[in-house]
Amino acid sequence: MPDSENPKKTIRTFATATFFNDLGSNMFYPIWPFFVTETLKANMAALGLLDGIGEGLMSLSKAFSGYLSDRIHKRKVFIWVGYLIAVLARLGYAAAATWQQLIVFRILDRIGKERSAPRDAIVADISTHENRGTHFGYIRAMDHLGALLGSLLVLVLMQFLSYRWILALAALPTLVSAVLVILLIQDRPPQGTGKSTGISLGLLSKRFRRFVILSAVFALGAFSYSFLLMFAREAGFGKTFVIALYPLFTAAAAASSWIFGRLSDRIGRKPVLLISYGLWIVVCLIFLLVRSPALLIFSFVLYGMHKGILIPVQRTVVSECAPSAFRASCLGGFHMITGLCALPASFVAGILWETLGSSAPFVLSIGFSLVATLLLISFNPEETVEQS
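Count the sequence shown with my numbering and you get residues 4 to 391, in order.
So, in structure tokens, the structure goes:
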């Protein structure tokens, strides 16, 4: 039976591929801020710029690939090519001599994320309202499980290898992901009759547009994880201990993705998203108000839960609000807008850190998060559910 007719096989293959990719990604994510600031001598503003550029370019690549995937009725090629681009980018990180050179490879790495929208569209198409949240949550859980293993592996590797060697080795698991998709996934054209000739705002529901807006507001305050690591370092934790916080975050994210994905199928999407927003606000408050080592460590658990809930449930809502023939376009467009908001979020956070102190980014983030929470309270995603 072709995998396009076997949803369970398709979901398992995507979950395994994302496991290996994030194993590689998280062999360098925990050491990324230290590689940038110590090995390549960049300041916090430069780190924020690199992270912001990464998020912005990732969003554009997702939007373009989503639109093109719907337009040419192809999904698979965007997925395996995206993995191969990430392989090249990680090798480039390892070879960079200055932080400015990282910009090129950061752009390349994030362009590789063009695989996400076509893959998520396939997942949405082969799912129903009763299991869509579970499927997205399961894939995201495997994503975080790979991240957990990668972040534990880097704790061992850094005792024997330089940051550059670790970055180079991080390319290998992602190469496995590309091979898995090439061998085990068959193309699944978009649902819907006829050929898509393009998407316009008139085809999108008012609730879809509202969800994009409230998610964009939240993203404006959601600076990158690098700032949490650097804050913990500033608070007096040793470098090895700070890097060890990353597995704690990923373990919490892995557990919450699947659990809350299933919960969103049972109690609805909005209550679960409100939990995610609330967790991020609590994390910011802890970093602002508390200097207790135990609470700072606990905040990484809460942050992991927040991220584990947020992404799969967002994707579920978007896929259910979108016309089936344009799911990849809508998923890509959603990621484009929220990602472009993440660019100034991290860059401004870096500027605020340098000029006003490490607490300033958290104050700004709480403000955006509260506004987004109020917008979410008035939002009803269930009315737009497409039974498929």
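Glycine is no exception: its CB is placed at the ideal position from the N, C-alpha and C atoms.
Check: How would you call GLN162, buried or exposed, if buried means at least 16 neighbouring beta carbons within 10 angstroms?; Outcome: exposed
Check: Would you mind stating whether GLU323 and HIS138 have Cβ atoms separated by less than 8 Å?; Outcome: no
Check: Mapping DSSP to helix, strand and coil, what is ASN383?; Outcome: coil
Check: How would you call LEU231, buried or exposed, if buried means at least 16 neighbouring beta carbons within 10 angstroms?; Outcome: buried
Check: Determine the DSSP secondary structure at GLY197, reduced to helix, strand or coil.; Outcome: Caution is warranted here: a pLDDT of 48 is assigned to GLY197, below 50, making its placement in the model unreliable, and the coordinate value is therefore given only provisionally. DSSP places GLY197 in coil when its eight states are reduced to three.
Check: Measuring alpha carbon to alpha carbon, tell me which residue in ARG135, TYR141, THR177 and ARG265 is nearest GLY153.; Outcome: THR177
Check: If I measure Cβ to Cβ from SER362 and keep anything under 8 Å in the same chain, skipping five residues before and after, which residues do I get?; Outcome: PHE290 and LEU291
Check: Can you tell me the Cβ-Cβ gap for SER68 and ALA127, rounded? I've got them flagged as a contact below 8 Å.; Outcome: That pair is no contact at about 15 Å.
Check: Where does ILE312 fall in DSSP's three states?; Outcome: helix
Check: Whose C-beta lies closer than 6 Å to the C-beta of ASP146 among residues of the same chain, with five residues either side of it excluded?; Outcome: THR21 and ASP25
Check: Check whether the region 33 to 48 touches the region 356 to 371, counting contact only when three or more Cβ pairs, one atom from each stretch, lie closer than 8 Å.; Outcome: yes
Check: Just to confirm, is the Cβ distance from ASN29 to ALA150 under 8 Å?; Outcome: yes
Check: Once the 5 residues before and after GLY201 are set aside, which same chain residues still bring their CB inside 6 Å of it?; Outcome: Because the pLDDT at GLY201 is just 49, under 50, the model does not fix this residue reliably, and the value given afterwards should be weighed accordingly. Counting only Cβ-Cβ distances below 6 Å, and skipping sequence neighbours, we find nothing.
Check: Could you have a look at LYS242 and say whether DSSP puts it in helix, strand or coil?; Outcome: helix
Check: Can you give me the C-alpha to C-alpha distance between THR319 and THR42, rounded to a whole angstrom?; Outcome: 40 Å
Check: Spatial neighbours of VAL179 within its chain, please: CB distance less than 7 Å, with the 5 preceding and 5 following residues excluded, ordered by chain position.; Outcome: PHE23
Check: Is the CB-CB distance between ARG93 and LEU164 below 8 Å?; Outcome: no
Check: Judging by CA-CA distance, which residue of ILE262, LYS310, SER302 and ILE110 is the nearest neighbour of SER279?; Outcome: LYS310
Check: Hey, out of VAL182, LEU160 and PHE365, whose CA is closest to ALA352's CA?; Outcome: PHE365
Check: Taking Cβ to Cβ, would you say TRP188 is nearer than 8 Å to THR19?; Outcome: Trp is not the amino acid found at residue 188; the sequence shown has Ile there. Contact flag unset, no.
Check: Can you tell which of VAL275, CYS344 and GLY85 has the C-alpha that lies nearest to the C-alpha of ILE216?; Outcome: CYS344
Check: Taking its Cβ as the centre, do 16 or more other Cβ atoms sit within 10 Å of LEU204, making it buried, or is it exposed?; Outcome: Annotation note: pLDDT 49 at LEU204 (below 50); position unreliable, coordinate value reported separately. That one is exposed.
Check: Here's the rule: buried if 16 or more other CB atoms are within 10 angstroms of the residue's CB, otherwise exposed. What is ARG330?; Outcome: buried
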